[in-house]
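Asks: 53 is the number of the first residue of the sequence shown in the numbering used here; add one for each residue after it.
Ideal placement from N, C-alpha and C gives every residue a C-beta, glycine not left out.
Computed from a predicted structure; not experimentally measured.
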Amino acid sequence: MSMIMKKITPVLMVDAIEPCLAFWERLGFENVAQVPHGDRLGFVILVKNEVEIMYQSRASVAEDAPSLAAAPMGGSMLFIEVTELDAVIALLGDAPVTFPRRTTFYGMNEIGVREPGGNMVTFAEKSTEG
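#1: Where does the unbroken beta strand (DSSP E) through Leu130 begin, and where does it stop?
#2: Could you tell me the alpha carbon to alpha carbon distance between Lys178 and Pro62, rounded to whole angstroms?
#3: Nearest to Ala85 by alpha carbon, out of Arg110, Ile132, Ala142, Met106?
#4: When the Cα atoms are used, what is the spatial distance from Thr135 to Thr150?
#5: Going by DSSP, what residues sit across from Ser109 in a beta bridge?
#6: How would you call Met65, buried or exposed, if buried means at least 16 neighbouring beta carbons within 10 angstroms?
Written out as structure tokens, the structure is:
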């Protein structure tokens, strides 16, 4: 029997989901599902094209799986390949830059930023050089 893996979706645990939404909405992501937790959001699914990102609040995780809620926060890194890096950079607003735009040895033009939940996001476009 051969197992096929079809998809991977990061679930980012943050103290509050609401501050993270504008970051992704500027980039064209749509909030396709959300679950409240008290008077805040406990879980959301954000989608653009074939890219999907989920957020869950630490308080929601603590109720659902207490041992997971004790994990360090903000240590995730996302790598998202895009077709137009300049367009993405124009939409990033005041997102803190973790590393400036660069061309890598593996043939990507990329920039790193930190989203409001504390996680690092690299946006990368295949280089047309060399």
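Replies: Quick answer:
#1: By 1-based counting over the sequence shown, the position of residue 130 is 78. Per DSSP, Leu130 is one residue of the beta strand (DSSP E) stretching across 129 to 133.
#2: In the sequence shown, residue 178 corresponds to position 126, counting from 1. In the sequence shown, residue 62 corresponds to position 10, counting from 1. Each residue's Cα considered, the two are about 22 Å apart.
#3: If you number the sequence shown from 1, residue 85 lands on position 33. In terms of Cα proximity to Ala85, the closest of Arg110, Ile132, Ala142, Met106 is Met106.
#4: Residue numbering aside, residue 135 sits at position 83 when the sequence shown is read from its first letter. Residue numbering aside, residue 150 sits at position 98 when the sequence shown is read from its first letter. Rounded to whole angstroms, Thr135 to Thr150 spans 21 Å at the Cα level.
#5: In the sequence shown, the residue the question calls residue 109 occupies position 57. Answer is Val66.
#6: For the purposes of this step, residue 65 is taken as residue 13 along the sequence shown, with counting starting at 1. Met65 should be labelled buried.
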